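Numbered by the numbering used here, the letters in the sequence shown go through residues 111 to 678 in order.
Think of the CB as a built atom: it goes at the ideal place given N, C-alpha and C, for glycine as much as any other residue.
Because the structure is a prediction, the values reported are computed rather than measured.
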Amino acid sequence: MSNLNTTDEREIGTAGEQLSTAPREESATTVPALGVIGWARWFWRQLTSMRVALILLFLLSLGAIPGSLIPQNSVDEMKVEAFKGDHTTLTPLYEKLQFFDVYSSVWFSAIYILLFISLIGCIVPRTGQFVGQLRSRPPGAPKKLTRLPAYTTWRTEAEPEQVREAALAVLRKRRFRSHTAGDAVAAEKGYLREAGNLLFHIALIVMLIAFGWGQLFKFEGGKLVLEGDGFSNTRTQYDDFRPGTLFTDEDLVPFSFGLDAFEGTYERTGPQRGTPRTFEAHVTYSEGVDGKPKKKVVQVNKPLVVDGTKVYLNAHGYAPVVSVKDGRGKEIYRNAVPLLPQDDNITSTGAIKVLDGYRDANGEKTQLGFQAFFVPTFAGNGKGTMFSQFPALDYPVLALNGFHGSLGVDSGLPQNVYQLDPSKMEMFKDGSGNQLKQRLRPGETMTLPDGAGSITFEGVEEWASFQISRQPAAGWALTGAVAAIAGLAGSLFIQRRRVWVRAVPGPDGVTVVEMAGLGRSESAKLPEELADLAVELHTQAPTAPEPESGTGSESDQPSEEPAEGAEK
Numbered sequence: 111m112s113n114l115n116t117t118d119e120r121e122i123g124t125a126g127e128q129l130s131t132a133p134r135e136e137s138a139t140t141v142p143a144l145g146v147i148g149w150a151r152w153f154w155r156q157l158t159s160m161r162v163a164l165i166l167l168f169l170l171s172l173g174a175i176p177g178s179l180i181p182q183n184s185v186d187e188m189k190v191e192a193f194k195g196d197h198t199t200l201t202p203l204y205e206k207l208q209f210f211d212v213y214s215s216v217w218f219s220a221i222y223i224l225l226f227i228s229l230i231g232c233i234v235p236r237t238g239q240f241v242g243q244l245r246s247r248p249p250g251a252p253k254k255l256t257r258l259p260a261y262t263t264w265r266t267e268a269e270p271e272q273v274r275e276a277a278l279a280v281l282r283k284r285r286f287r288s289h290t291a292g293d294a295v296a297a298e299k300g301y302l303r304e305a306g307n308l309l310f311h312i313a314l315i316v317m318l319i320a321f322g323w324g325q326l327f328k329f330e331g332g333k334l335v336l337e338g339d340g341f342s343n344t345r346t347q348y349d350d351f352r353p354g355t356l357f358t359d360e361d362l363v364p365f366s367f368g369l370d371a372f373e374g375t376y377e378r379t380g381p382q383r384g385t386p387r388t389f390e391a392h393v394t395y396s397e398g399v400d401g402k403p404k405k406k407v408v409q410v411n412k413p414l415v416v417d418g419t420k421v422y423l424n425a426h427g428y429a430p431v432v433s434v435k436d437g438r439g440k441e442i443y444r445n446a447v448p449l450l451p452q453d454d455n456i457t458s459t460g461a462i463k464v465l466d467g468y469r470d471a472n473g474e475k476t477q478l479g480f481q482a483f484f485v486p487t488f489a490g491n492g493k494g495t496m497f498s499q500f501p502a503l504d505y506p507v508l509a510l511n512g513f514h515g516s517l518g519v520d521s522g523l524p525q526n527v528y529q530l531d532p533s534k535m536e537m538f539k540d541g542s543g544n545q546l547k548q549r550l551r552p553g554e555t556m557t558l559p560d561g562a563g564s565i566t567f568e569g570v571e572e573w574a575s576f577q578i579s580r581q582p583a584a585g586w587a588l589t590g591a592v593a594a595i596a597g598l599a600g601s602l603f604i605q606r607r608r609v610w611v612r613a614v615p616g617p618d619g620v621t622v623v624e625m626a627g628l629g630r631s632e633s634a635k636l637p638e639e640l641a642d643l644a645v646e647l648h649t650q651a652p653t654a655p656e657p658e659s660g661t662g663s664e665s666d667q668p669s670e671e672p673a674e675g676a677e678k
């Protein structure tokens, strides 16, 4: 391949200009002009370069890793406290790096804001350039089409004007933007590639705005509801509540619902034994303060939606109903106590706390606490450990051990309702001096020693856990994600290319047709497309017959220097 001279390079560069709206990257060795304005201009050009935007996008993805692996205060403060207790060495470092509040940290916010500015700085000038390209015409043909990567030529008896008119018709039929420029037809196609690039970047900005808006005004909370109980969408009703930075209680949509029944059925045979087949909560809800009650079945991934607030069915479990009597036989406690599932067969643990109303055998006020372990389907004594064999209530058993003393609730410190702190309590002991423990079936009673009373396993109720959340910009985020994928697909699979068709009379009066193509990037499809166009144009401007060989005048002999358009 011959080397391009300076003139050829300049001509091809002109023909190939504006095939992309990407800004030109400056050399890293470029030294900015001295002074504040010079440094500011240099910093802005670096920030709005595609290289820096990709680096910031990578850093944003990298910064989300600790937010996914390390417990976050905005998600579960109890998990954060447990993590700190288990990792006393790492905790001071993580706190300094704000790893427990990644998404609201200074460094994550800085990356987020810089990426936002960088994308805007990229999009604004590129949009102006793209609009200008749409309004302009494809540039004229370079002098030497033979220098372009895709090229073909032939001679025809058709007149040059006829060839150019036929080329215009063929190119416009193929949806090329084309016009006649001098002795050639210039055409261009593939503008959707640059539109896809712009759409991708605009979609990223939409996603960033949606993410930021959602973080500021969102809320998310959880509520465990027993069958027959209900929930009202007020902040005090939540078991846990995680609001956005600018969220206020006035943003809560007024509605309420009650759990009529939970229905769960499970596969009983085969390798999928225990897998849920029916998992749904039947609720009655009302919108507003005095809305009309409506029925709804809430299923996994099929939430109850009330004015943008979604109520998801999260989990299910059991709540043993127990009653406690003091030494005088007076019932001082009866309640359904929700227990937390520990496995797929709903083996559950929790605590039963009797805070008020109990007096011991001496008539002194004290508090009772019981560690509870529940299985909905017990294998039976001597048939394995105390773990459930199936998630349904086939053979429920409740195992208890008891304590008396102070539960520690009067200290003012928050407690986990599912855990018992026996540090200030004494365990009940049986006649042998061992810890009092007993397994109970529904209707059975465990008698406390020394006339301290009794606890009875009355039955089992079911509960469902709901996640109530509102993401005000979730729709915009989804729209941005879909648009980003569409834009990226367009920018990857659509090729921006230009085609020129030159028709000029040769030295012997026969028209010489030249066709050449230039794309933004090298692709095997460009020569194929040029060949298809040439075949279609050739039907209207067929190849002229070769001149007969023989002696003739000097003027009939072929020239030593072939016509420029006949070069191959």
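Leaving aside the five residues that flank G177 on each side, the residues in its chain whose CB is nearer than 7 angstroms to its CB run, in chain order, V212, Y213.
DSSP, read as helix, strand or coil, puts D370 in strand. Contact between the stretch 507 to 518 and the stretch 532 to 552 is present, with at least three C-beta pairs closer than 8 angstroms. Apart from sequence neighbours up to five positions away, the residues of its chain that approach D339 with a beta-carbon distance below 8 angstroms are G368, L369, ordered along the chain. For I565, the uninterrupted beta strand (DSSP E) run begins and ends at 563 to 580, by DSSP.
Rounded to whole angstroms, the separation of the alpha carbons of L309 and T237 is 10 angstroms. Contact holds between the stretch 445 to 457 and the stretch 495 to 510, because three or more Cβ pairs, one in each stretch, are under 8 angstroms apart.
Distance from the Cα of T358 is smallest, within the candidate group F240, L326, K420, D520, for L326. Beta-bridge annotation (DSSP): D350 is paired with G332. Taken through DSSP and simplified to helix, strand or coil, Y395 comes out as strand. Residues of the same chain with a CB within less than 8 angstroms of the CB of E536, apart from the 5 flanking positions on each side, are F513, H514, G515 in chain order. If you look at Y222, you'll find it in the alpha helix (DSSP H) that goes 216 to 245. For the pair P501 and V570, the Cα-to-Cα distance works out to about 13 angstroms. The three-state secondary structure of M188, taken from DSSP, is helix. Judged by DSSP secondary structure, L550 falls within the beta strand (DSSP E) whose first and last residues are 547 to 550. Rounded to whole angstroms, the separation of the alpha carbons of P235 and F153 is 17 angstroms. With a 10 Å radius around the Cβ and a threshold of 16 neighbouring Cβ atoms, D436 comes out buried. The closest CA to that of G250, considering only T199, G374, A294, is found on A294. Within the model, the alpha-carbon separation for T201 versus G324 is close to 29 angstroms. Pairing V416 with V363 gives a Cβ-Cβ distance under 9 angstroms. Residue pairing by DSSP puts R469 in a beta bridge opposite K475. Within the model, the alpha-carbon separation for T266 versus V620 is close to 6 angstroms. According to DSSP, residue pairing for K534 in a beta bridge does not occur.
In the DSSP annotation of this structure, the continuous segment of the beta strand (DSSP E) that includes I442 starts and ends at 441 to 446. In chain order, W264, R265, T266 place their CB closer than 8 angstroms to the CB of T653, counting only its own chain and leaving out the 5 sequence neighbours on each side. Beta-bridge analysis with DSSP links T344 to no other residue. Per DSSP, reduced to three states, the secondary structure at G460 is strand. In this structure the stretch 469 to 484 lies against the stretch 526 to 536, because at least three pairs of beta carbons, one per stretch, are closer than 8 angstroms.
DSSP, reduced to helix, strand and coil, places S601 within a helical segment of the structure shown. Counting along the chain, no beta strand (DSSP E) covers N307; the unbroken alpha helix (DSSP H) around it starts and ends at 301 to 327. Under the DSSP assignment, M625 falls in the beta strand (DSSP E) whose first and last residues are 621 to 629. When the beta-carbon positions are compared, C232 and M160 come within less than 9 angstroms of each other.
Residues of the same chain with a CB within less than 6 angstroms of the CB of G563, apart from the 5 flanking positions on each side, are K435, D436, G437 in chain order. Contact holds between the stretch 463 to 473 and the stretch 441 to 448, because three or more Cβ pairs, one in each stretch, are under 8 angstroms apart. Taking V431 as reference, the option from L414, L550, S342 with the minimal CA-CA separation is L550. For L449, the closest C-alpha among the options H426, D470, K534, K405 is that of H426.
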